[in-house]
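Here the structure is laid out as structure tokens; the discussion comes afterwards.
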Amino acid sequence: AAGVIQSPRHLIKEKRETATLKCYPIPRHDTVYWYQQGPGQDPQFLISFYEKMQSDKGSIPDRFSAQQFSDYHSELNMSSLELGDSALYFCASSALKGEFANTGELFFGEGSRLTVL
Amino acid sequence: DQQVKQNSPSLSVQEGRISILNCDYTNSMFDYFLWYKKYPAEGPTFLISISSIKDKNEDGRFTVFLNKSAKHLSLHIVPSQPGDSAVYFCAANTGTASKLTFGTGTRLQVTL
């Protein structure tokens, strides 16, 4: 079965640079979530989108922005990168409504590891 | 403000024995609880869940117990296998397919 696809898997950037992470949800899933996991920490919710509209917002810095496109893929844009942005960034998807709606579980991609030097 | 807490950062259990992972939460609005398993360099994988209207859910070797009055849940793995060695995250949400709030994780090591 198709899973959540994230790219790139690894990314190295310098301070003050910009990075873009991409996420392709499971087909027919209508909701996408972004999480950030720092070293030794639990995943922290950043932002989510339902049907291409922002549905919830967590601890996402103002330097970050995200959107969901018409094909349901999502991109997380990070600007003015700081050393503290080095983390694993997970995308997850779920089906909120419709015949494929699930009961609450989110399906995660393998993550994109961002290293800021 | 850690709304979901896993107070044991690590746990070591012998193969064949029972592994018990604990989780406490503070937000009484949570109504759905999930356990995820995470291997290094991989994303969290859904394991088992329980709705707040139940107190037990079982799936093969995995059983989750929920004590709403104590705001406590636990994951039992019986019998434990070496392949169960991973980090286990407890998570909760307040509605179907809404964002998850994760605990800090417990690293389980199943030894031979």
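Residue numbers (the working numbering), protein chains in the order written: chain A, 46 to 162; chain B, 19 to 130.
Glycine included, every Cβ here is placed at the ideal spot set by N, Cα and C.
| Skipping 5 residues on each side, what residues in its chain have a beta carbon closer than 8 Å to that of A:ILE105? | TRP79, LEU91, ILE92 and ALA111
| query | If we cut at 8 Å on Cβ distances, does B:LYS117 have a partner in chain A? | reply | yes
| said: Under DSSP, the beta strand (DSSP E) around B:TYR106 begins and ends at which residues? | reply: 104-111
| request: With 8 Å as the threshold, decide whether the Cβ of A:LEU128 is near any Cβ in chain B. | output: no
| Going along chain B, which residues have a C-beta under 7 Å from A:SER93? | LYS117
| Per-residue DSSP class, three states only, for A:LEU128 | helix
| task | Can you pull the chain A residues whose beta carbon is under 7 Å from the beta carbon of B:GLY61, in chain order? | result | PHE135, PHE153, GLY154, GLU155 and GLY156
| query | For B:ILE36, which residues of its own chain have a beta-carbon under 8 Å away from its beta-carbon, when the five flanking residues on both sides are left out? | reply | HIS94, ILE95, VAL96, PRO97 and SER98
| query | What does a CB cutoff of less than 6 Å around B:LEU52 pick up in its chain, not counting 5 residues either side in sequence? | reply | SER67 and ALA109
| field | Of the residues A:ALA47, A:ARG54, A:ALA64 and A:SER119, the one placed nearest A:LEU162, counting alpha carbons only | value | A:ALA64
| query | Taking Cβ positions, are A:ALA137 and A:LEU151 nearer each other than 8 Å? | reply | yes
| message | Do B:THR81 and B:LYS89 have their beta-carbon atoms positioned less than 8 Å apart in this structure? | response | no
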